[in-house]
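Note sheet for the following structure.
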Amino acid sequence: MNHPLLKLFSRRELVRGLGALAGATGAAALGLAQNNAPAEHSGGSGHAAAATVAAKGMSAADHGSNVVMGVVDPETNGFDPMQMLVDWDYGKVSKLPGGQTLREYEFVASEKEIEIAPGIFFPAWTYNGRVPGPSIRCTEGDRLRVKLVNGSSHPHTIHFHGFHPANMDGTPLPGNGGLVQPGDSYTYEFDAVPFGCHKYHCHAASLKRHIHKGMYGAFVVDPKGGRPPAREFMMVMNAFDTNFDGGNEVYAVNTVGFEFAHRPVPIRRGELVRIYLMNLVEFDLLNSFHTHGIMFDYYDHGTTLEPTLRTVDTVAQMQGQRGIVEFRAPYTGPFMFHAHVSEFAELGWMGHFNVVEEAGWAEALSRVGLTAEWDKRGLDGATVAWKGGETA
Ligand SMILES: [Cu+2]
Numbered sequence: 002m003n004h005p006l007l008k009l010f011s012r013r014e015l016v017r018g019l020g021a022l023a024g025a026t027g028a029a030a031l032g033l034a035q036n037n038a039p040a041e042h043s044g045g046s047g048h049a050a051a052a053t054v055a056a057k058g059m060s061a062a063d064h065g066s067n068v069v070m071g072v073v074d075p076e077t078n079g080f081d082p083m084q085m086l087v088d089w090d091y092g093k094v095s096k097l098p099g100g101q102t103l104r105e106y107e108f109v110a111s112e113k114e115i116e117i118a119p120g121i122f123f124p125a126w127t128y129n130g131r132v133p134g135p136s137i138r139c140t141e142g143d144r145l146r147v148k149l150v151n152g153s154s155h156p157h158t159i160h161f162h163g164f165h166p167a168n169m170d171g172t173p174l175p176g177n178g179g180l181v182q183p184g185d186s187y188t189y190e191f192d193a194v195p196f197g198c199h200k201y202h203c204h205a206a207s208l209k210r211h212i213h214k215g216m217y218g219a220f221v222v223d224p225k226g227g228r229p230p231a232r233e234f235m236m237v238m239n240a241f242d243t244n245f246d247g248g249n250e251v252y253a254v255n256t257v258g259f260e261f262a263h264r265p266v267p268i269r270r271g272e273l274v275r276i277y278l279m280n281l282v283e284f285d286l287l288n289s290f291h292t293h294g295i296m297f298d299y300y301d302h303g304t305t306l307e308p309t310l311r312t313v314d315t316v317a318q319m320q321g322q323r324g325i326v327e328f329r330a331p332y333t334g335p336f337m338f339h340a341h342v343s344e345f346a347e348l349g350w351m352g353h354f355n356v357v358e359e360a361g362w363a364e365a366l367s368r369v370g371l372t373a374e375w376d377k378r379g380l381d382g383a384t385v386a387w388k389g390g391e392t393a
């Protein structure tokens, strides 16, 4: 048990039956620590992390001392949390006879092992091989047509949040579309209303297991009048129960724990930043989002054009809740953002913004392996240009 995460969590009691679990399912079920074990809950982790960092010849201070070493190669998963911040999926776009925009998608449900922290693998259930699934982006009133093809060995659905007819609701309730059995498909079709920061997820039983396994994603509907131009990010707060005891061991944004601590997210000082934030963590009642050196406005569910909270630095989201965060960072430098549930932060839900002036922008991008394309996608994600607040 030489893995850095295990060293980091050595202060916690190792879960019951760790050896049996690991032996039964191999690396896919690496049990770490029981999330809510009555273990020591302060101190210790800094020493372990510092020792690991020192062994690598690096400064612990560079990593906030609470961050595991090593990185997850995006090639391993076939997706990159940093790219997921900006990789909106507009579907196959065409016009219906009446002029309405049609966006068509195909989601294939499949089983896939993913790496959720360096060396920690998880047997996920996915839409299109990624966790979270594709980030649907559209304009209020667009027609969505999403075909679910079940290429996995379990029944699944897609349940969208928002207004839609009963047979498009994607649950096992009679008249709700029903379960899509392995090998079968079902097409969900409805108009995208209302505008907001929505999401979709599987609604097969056991609901918590199907969601927790990774079957969820963002569904962002732009108001017809758009929102003011901004650098936009999609952040799904998620977590993973690696030993299947009903408690999470690894917490993250966009799946990989500590990813944005290893690779600080570049933003320009003073620019408007808009984050579509959602909480898909199962087994814990509440998650939160907290910024350092920055205060933000918040739009609960994203269904209003005026903030529902102003000038806050922490917001809570219950299971399934979501909203839009907007801010301008006044100072340059590294600033943490993380769950203010401290335990989650120590188990992976910790990231940094790298706030820079224009002169430092190119270096900030290259430092974390980003290109001008990432920059462009962050600024050009909206499906409709800002029209000064008009919504029709
Ligand atoms: Cu499912």
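Under my numbering, the first residue of the sequence shown carries the number 2, and numbering increases by one thereafter. Cβ atoms here follow ideal geometry from the backbone N, Cα and C, with glycine treated the same way.
Opposing strand residues paired with residue i [DSSP bridges]
| i | result |
| --- | --- |
| Ser111 | Thr127 |
| Asp298 | Glu327 |
| Asp200 | The question names Asp, but residue 200 in the sequence shown is Lys. In DSSP, Lys200 forms a bridge with Ala219. |
| Arg138 | Val221 |
| Ser207 | Ser207 is not bridged to any residue. |
| His213 | None; His213 has no bridge partner. |
| Arg104 | Val94 and Leu145 |
| Arg1 | Past the boundaries of the shown model lies residue 1; the chain is included only from 2 to 393, so the question cannot be answered. |
| Val150 | Val109 and Ser186 |
| Phe241 | Val251 |
| Met351 | His339 |
| Met279 | Val237 and Arg323 |
| Glu260 | Bridge partners of Glu260: none, in fact. |
| Pro267 | Asn355 |
| Gln318 | Asn288 |
Residues near residue i by beta carbon distance below 6 Å, same chain, minus five either side
| i | result |
| --- | --- |
| Gly134 | Tyr128 and Gly218 |
| Ala365 | Pro267, Asn355 and Val357 |
| Thr292 | Asp314 and Phe338 |
| Leu174 | none |
| Ala205 | Pro156, His157, Thr158, Leu180 and His211 |
Nearest residue (CA-CA) to residue i, options the options
| i | options | result |
| --- | --- | --- |
| Asp301 | His162, Leu348, Leu278 and Gly390 | Leu278 |
| Glu260 | Asp90, Leu180, Gly352 and Tyr201 | Gly352 |
| Tyr189 | Cys203, Gly197 and Asn355 | Cys203 |
| His160 | Ser154, Glu347, Gly179 and Glu76 | Gly179 |
| Leu281 | Ala262, Thr292, Glu344 and Met216 | Met216 |
| Val369 | Ser207, Leu208 and Pro82 | Pro82 |
| Ser136 | Asp90, Arg146, Val181 and Val147 | Asp90 |
| Val132 | Met337, Asp88 and Leu145 | Asp88 |
| Ile212 | Pro335, Gly349 and Val237 | Val237 |
| Val274 | Asp74, Ala330 and Asp285 | Ala330 |
| Asp192 | Met85, Glu105, Lys209 and Trp375 | Glu105 |
| Phe245 | Gly184, Gly79 and Glu283 | Glu283 |
| Gly130 | Lys214, Pro175 and Phe336 | Lys214 |
| Phe297 | Asn288, Leu310, Leu286 and Leu306 | Leu310 |
| Lys113 | Gly99, Ser154, Arg138 and Arg146 | Ser154 |
| Gly294 | Lys377, Phe336 and Trp126 | Phe336 |
| Ala253 | Phe220, Ala240 and Gln318 | Ala240 |
| Val147 | Leu286, Phe220, Ala373 and Pro308 | Phe220 |
| Leu287 | Gln322, Leu306, Lys209 and Asp185 | Gln322 |
CB-CB length for residue i against residue j, believed under 8 Å
| i | j | result |
| --- | --- | --- |
| His157 | Leu149 | 7 Å |
| Thr140 | Lys225 | 6 Å |
| Val251 | Ala340 | Incorrect: roughly 13 Å between the Cβ atoms, too far for contact. |
| Val269 | Val357 | As written in the sequence, residue 269 is Arg, which differs from the Val given in the question. Rounded, the Cβ-Cβ distance is 6 Å, consistent with contact. |
| Leu86 | Phe234 | 4 Å |
| Gln84 | Trp375 | 7 Å |
| Arg228 | Trp350 | 26 Å between Cβ atoms; not a contact. |
| Val316 | Phe345 | Going by Cβ atoms, the distance from Val316 to Phe345 rounds to 14 Å, so no, they are not a contact pair. |
Other residues of its chain near residue i: CB distance less than 7 Å, five sequence neighbours each side excluded
| i | result |
| --- | --- |
| Gly152 | Val109, Ala110 and Ser111 |
| Leu97 | Leu103 and Arg144 |
| Val181 | Leu149, Asn151, Pro156, His157, Thr158 and Tyr187 |
| Thr77 | Glu116 |
| Pro75 | Asp81 |
| Val257 | Val73, Pro82, Ile117 and Ala118 |
| Glu107 | Lys148 and Val150 |
Same chain only: Cβ atoms within 8 Å of residue i, ignoring 5 sequence neighbours per side
| i | result |
| --- | --- |
| Pro397 | Since the displayed the chain opens at 2 and closes at 393, residue 397 lies outside it and no answer follows. |
| Thr333 | Arg270, Val356, Val357, Glu358 and Gly361 |
| Asn177 | Ala167, Asn168, Asp170 and Gly171 |
| Arg232 | Ile268, Arg269, Glu272, Leu273, Val274, Arg275, Gly379 and Leu380 |
Cβ-heavy atom distance, residue i to ligand 2, below 8 Å
| i | result |
| --- | --- |
| Thr305 | As for ligand 2, it is missing from this structure, which binds only ligand 1. |
Within 5 Å of ligand 1: residues by beta-carbon to any heavy atom: His157, Cys203, Ala205, His211 and Met216
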